[in-house]
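Chains as they are written, first to last, in the working numbering: chain B, 2 to 387; chain V, 2 to 387.
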């Protein structure tokens, strides 16, 4: 869409929550804010509306040509005492004062802003790609942040996998660590403390053992056992840069049962096939198809289990997702997944799930290039971490 | 607003991000979801649309009468391969199939949902109180969660304040801890590790010493010094319940300069006056006015400094804010702040800021009752933690 002088682009929301907003202004604040691009073609400029006490900090740190606050854009009827409403009212007043009667907004714009714009006669056009497309192709700085995040994630992963793989075992088959029964919760806390020391936030990691891991979003709880697959999926955020890591490995303590070795062999092939298929110009669907072809070749299913089938083992999710300031962002590597572009950061994470034995998944992060991709991971894929 | 049979109420978004959505369904998931209340008066029911792989978990855990997924609400033109768009398209299709032509939505509804509703001819009404008012009066369970969160916050606060108050000092006046210069970063990391062990998330705490603390949202960095105020503001989230704590204390290492003692005396009086004014039926503005009257009585300013005045010392922010699933939620204790209700959880946090010496703030959390309030804090207010 090509904005004219009476059309502005507005991205608004809470920058610590809405990463499209943060990506645009690169300024972290927990109160509502609005970024407006406006003016005649050739001399468009950007104005940031933030809370009054944030203006000085924003003038130094935020990416915007000028900074103002709701108090400086007060409509004749006054501003609400509710800070959320006041920011939206002030943004509407800012537009009206400049003769702007049409705004292009991003898909995550809070409805409250749209409501205040409409109240003032400003037409709203939702550009579903705004804040999505512009975050896809990562620049060198962003790739550096992702590299740092994935390295920290891998160091936590190694620690978690070795803690499980090298644990003792009691007569009931439960794992032992430092004289205690090793649980999902203990492994999660070991991961958390390791990451916090590295300056990363501690989103709850998945540490799901045995049949519990068959639900691919189950966090896991209770004692871990020998001979069962334990999915470890860690996706922390760098508190400084806000970019995310995301890595999954599966560990089996002790002897590896043949059905687990067979599932693993299929996943390793599927992951390699998807990575090999990845390059700019290929669709996310093609990357997914390259992987699931290998899953099917090994005799496993693709998609959710047919109703009532208790003996199903299959890949119940897509192959991966974009990653950056959000852990999950565009593009999706699944059926209907869009064409990849140079600089897309994506995860490749085939998984197999069986209600009888549990789940298994391996996940790397790669950066799409013109003729292939760069894999940011260094860890091995094996089940044995003893 | 009184919905009729052709009107639905829709709350949609990402439950781990949008706490109004989480509050409604009490089900944590990182993908977009929609909660719809619909049907004839007297037999209204709620339907939750979630990703297919989350349906089983949602049927057990989520607060909704029935659970479905985008694939079961596919419009004739098909669903987008973009998961965000697909969820919004499916929600619109769900409405259209049931003859619903008008929806009442919350203020944080992502614009994308509104865009998909409008595309299908569904009228949208933004109820600015929906998801705000219904989260204010906390029930006994929620107050229990806040009590737990504030106790954990206070234990981290005691640790941080004592670490600063009991530190050594080098010949340049810099604090020493375990043989190292004590910095904001080290104190922050001590707080983080303490909270993570208690099952709390580690949002970056404010540890701002000296003139740095004069910006009330500055996080603080570098060496801490004797004789200077250090603001410590900790606001962690309980990972299990998602409810937040929020507490601030100010520490001065060593002898307390008279100008800091004078600022502190004003804050202690202001805090007590605001707490004393708090009860259901009183406005947030009255609670704020009760505190700033004491600030003014001590000769300090209220509001932002007049342009160019470098010798200003004043209270540059409101007295406090509501707290619950979000650290900042309704009501605001400031000019235009609304009437308080029984069960409102609010912070009372007067502060004084002076570009020459720094900032000082003390903050408690209280629960509003019919004839007063219950203070959830136990820590003393003093500057001396030696």
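All C-beta atoms, glycine included, are put in the ideal place defined by N, C-alpha and C.
Review point. Mind checking if residue 108/V is an interface residue toward chain B, Cβ cutoff 7 Å exclusive?
Key: Working through the second chain from its first residue, we reach residue 108/V at position 107. With a threshold of 7 Å between beta carbons, residue 108/V makes contact with chain B.
Check your understanding: Is DSSP giving residue 164/V helix, strand or coil here?
Key -> Along the second chain, one-based indexing puts residue 164/V at 163. Helix.
Review point. What is the residue span of the alpha helix (DSSP H) that residue 57/B lies within?
Key: Taking the first chain and counting its residues from 1, one reaches residue 57/B at position 56. Its alpha helix (DSSP H) spans residues 56-62.
Review point. If you count every other CB in all the chains shown that lies within 10 Å of the CB of residue 2/V, and 16 or more means buried, which is it?
Key: Residue mapping note: residue 2/V aligns to position 1 of the second chain, counting from 1. Legend: pLDDT at residue 2/V = 49, less than 50; position of this residue unreliable, value from coordinates given subsequently. When all chains shown are included, residue 2/V counts as exposed.
Practice item. Measure from the C-beta of residue 271/B to each C-beta in chain V and report whether the shortest distance is under 7 Å. Key: For this step, residue 271/B is matched to residue 270 along the first chain. Residue 271/B does not count as touching chain V.
Review point. Could you give the distance in angstroms between the alpha-carbon of residue 342/B and the alpha-carbon of residue 387/V?
Key: To locate residue 342/B, count along the first chain from 1; it is residue 341. To locate residue 387/V, count along the second chain from 1; it is residue 386. Those two C-alpha atoms are separated by around 58 Å.
Practice item. Give the straight-line distance between the Cα atoms of residue 231/V and residue 329/V, rounded to the nearest whole angstrom. Key: Position 230 of the second chain, counting from 1, holds the residue named residue 231/V. Position 328 of the second chain, counting from 1, holds the residue named residue 329/V. Using only the alpha carbons, I get a separation of about 23 Å.
Check your understanding: Rounded to the nearest angstrom, how far is the Cβ of residue 114/V from that of residue 34/V, given a contact under 8 Å?
Key -> Residue 114/V sits at position 113 when you count from the first residue of the second chain. Residue 34/V sits at position 33 when you count from the first residue of the second chain. The beta carbons of residue 114/V and residue 34/V sit about 11 Å from each other, so the pair does not count as a contact at 8 Å.
Exercise for review: Assign residue 48/V to one of three DSSP states: helix, strand, or coil.
Suggested key: In the second chain, the residue the question calls residue 48/V occupies position 47. Per DSSP, reduced to three states, the secondary structure at residue 48/V is strand.
Practice item. Check whether the Cβ atoms of residue 32/B and residue 52/B sit closer than 7 Å, and answer yes or no. Key: Counting from 1 along the first chain, the entry for residue 32/B is found at position 31. Counting from 1 along the first chain, the entry for residue 52/B is found at position 51. Result yes, Cβ atoms of residue 32/B and residue 52/B sit closer than 7 Å.
Point to revise | Nearest neighbour of residue 204/V, chosen from 9/B, 21/B, 29/B [CA to CA] | key: Numbered from 1 along the second chain, position 203 holds the residue referred to as residue 204/V. Comparing C-alpha distances from residue 204/V to each of 9/B, 21/B, 29/B shows the shortest one belongs to 29/B.
**Study point:** Bridge partners - residue 284/B, DSSP secondary structure assignment
**Key:** Within the first chain, residue 284/B is the residue found at index 283, counting from 1. Residue 284/B is bridged to 340/B.
Point to revise | CB of residue 278/B within 7 Å of CB of residue 287/B, strictly | key: Taking the first chain and counting its residues from 1, the one referred to as residue 278/B is at position 277. Taking the first chain and counting its residues from 1, the one referred to as residue 287/B is at position 286. Yes, Cβ-Cβ distance for residue 278/B and residue 287/B is below 7 Å.
**Study point:** Pairwise C-alpha distance: residue 42/V and residue 268/V
**Key:** The residue you call residue 268/V lines up with position 267 of the second chain. The residue you call residue 42/V lines up with position 41 of the second chain. In a straight line, the C-alpha of residue 268/V is about 52 Å away from that of residue 42/V.
Exercise for review: Classify residue 106/B as buried or exposed, calling it buried when 16 or more other Cβ atoms lie within 10 Å of its own Cβ.
Suggested key: Position 105 of the first chain, counted from the start, is the residue given in the question as residue 106/B. Residue 106/B comes out buried.
Check your understanding: residue 271/V: which of 284/V, 296/V, 258/V sits nearest, CA to CA?
Key -> Translated into positions along the second chain, residue 271/V becomes position 270. Of the residues 284/V, 296/V, 258/V, the one whose Cα lies closest to the Cα of residue 271/V is 296/V.
**Study point:** DSSP state of residue 116/B mapped onto helix, strand, coil
**Key:** Here residue 116/B corresponds to residue number 115 of the first chain, with the count starting at 1. Helix, per DSSP.
Exercise for review: Would you please verify whether the beta carbon of residue 193/V is less than 7 Å from any beta carbon of chain B?
Suggested key: Taking the first residue of the second chain as position 1, residue 193/V is located at position 192. Among the CB atoms of chain B, one or more fall inside 7 Å of the CB of residue 193/V.
Review point. Nearest chain B C-beta to residue 393/V closer than 7 Å, yes or no?
Key: No answer is possible for residue 393/V: the residues shown for chain V start at 2 and end at 387.
Exercise for review: Check whether the Cβ atoms of residue 221/V and residue 185/V sit closer than 7 Å, and answer yes or no.
Suggested key: Position 220 of the second chain, counting from 1, holds the residue named residue 221/V. Position 184 of the second chain, counting from 1, holds the residue named residue 185/V. Cβ atoms of residue 221/V and residue 185/V: closer than 7 Å.
Practice item. Check the Cβ-Cβ distances between residue 1/V and every residue of chain B, and say whether any is below 7 Å. Key: Within the shown structure, residues of chain V are numbered from 2 to 387, placing residue 1/V beyond reach of any answer.
Review point. Any contact of the stretch 64-79 of chain V with the stretch 90-103 of chain V, i.e. 3+ C-beta pairs under 8 Å?
Key: The stretch 64-79 of chain V vs the stretch 90-103 of chain V: in contact.
Exercise for review: Could you tell me which of 16/V, 173/V, 70/V, 383/V sits nearest to residue 257/V, measuring between CA atoms?
Suggested key: The count along the second chain starts at 1 and reaches residue 257/V at position 256. Per the Cα distances, 383/V.
Exercise for review: For residue 198/V, I'd like the list of residues in its chain whose CB is within less than 7 Å of its CB, leaving aside the five on either flank, ordered along the chain.
Suggested key: Walking along the second chain from the start, residue 198/V turns up at place 197. Cβ contact annotation for residue 198/V (same chain, cutoff 7 Å, sequence separation greater than five): none.
**Study point:** Three-state secondary structure (DSSP) of residue 242/V
**Key:** As a working note, residue 242/V is residue 241 in the second chain. Note: residue 242/V maps to coil in three-state DSSP.
Check your understanding: For residue 276/B, which residues from the same chain have a beta carbon less than 8 Å from its beta carbon, with the 5 sequence-adjacent residues on both sides left out?
Key -> The residue labelled residue 276/B in the question sits at position 275 within the first chain. 349, 365, 367, 374, 376, listed in sequence order.
**Study point:** Complete alpha helix (DSSP H) runs within the stretch 124-200 of chain V (minimum length 4 residues, chain order)
**Key:** Runs found: 141-166, 185-198.
Point to revise | Classification of residue 122/B by the beta-carbon crowding that lies within 10 angstroms, buried from 16 upward | key: Working through the first chain from its first residue, we reach residue 122/B at position 121. When all chains shown are included, residue 122/B counts as exposed.
Exercise for review: Using DSSP bridges, identify the partner residues of residue 279/B.
Suggested key: In the first chain, the residue the question calls residue 279/B occupies position 278. In the DSSP assignment, residue 279/B is bridged to no other residue.
Review point. Beta-carbon of residue 13/B versus every beta-carbon of chain V: anything under 7 Å?
Key: Within the first chain, residue 13/B is the residue found at index 12, counting from 1. No, no contact with chain V.
**Study point:** Interface partners of residue 217/B on chain V, CB under 7 Å
**Key:** Start at 1 with the first residue of the first chain, and residue 217/B comes out as number 216. Residues of chain V passing the Cβ test: 54.
Practice item. Rounded to whole angstroms, what's the CA-CA distance from residue 324/V to residue 224/V? Just pull it up for me. Key: Here residue 324/V refers to the residue found at position 323 of the second chain. Here residue 224/V refers to the residue found at position 223 of the second chain. Rounded to the nearest angstrom, the two C-alpha atoms are 32 Å apart.
Review point. When burial is assigned at 16 or more other CB atoms within 10 Å of the CB, is residue 252/B buried or exposed?
Key: For this step, residue 252/B is matched to residue 251 along the first chain. It counts as buried.
Review point. Looking at the unbroken beta strand (DSSP E) that takes in residue 78/B, where does it start and where does it end?
Key: Locating residue 78/B in the first chain gives position 77, counting from the first residue. Note, residue 78/B: premise wrong, no beta strand (DSSP E); not H, not E.
Practice item. Alpha carbon to alpha carbon, how far is residue 245/B from residue 147/B? Give it in angstroms, no decimals. Key: Within the first chain, the letter at position 146 stands for residue 147/B. Within the first chain, the letter at position 244 stands for residue 245/B. It is roughly 6 Å from the alpha-carbon of residue 147/B to the alpha-carbon of residue 245/B.
Exercise for review: Grab me the residues of residue 378/V's own chain with a C-beta within less than 6 Å of its C-beta, minus the 5 sequence neighbours each way, in chain order.
Suggested key: The residue given as residue 378/V occupies position 377 in the second chain. Once the five neighbours on either side are set aside, the close Cβ partners of residue 378/V are 365.
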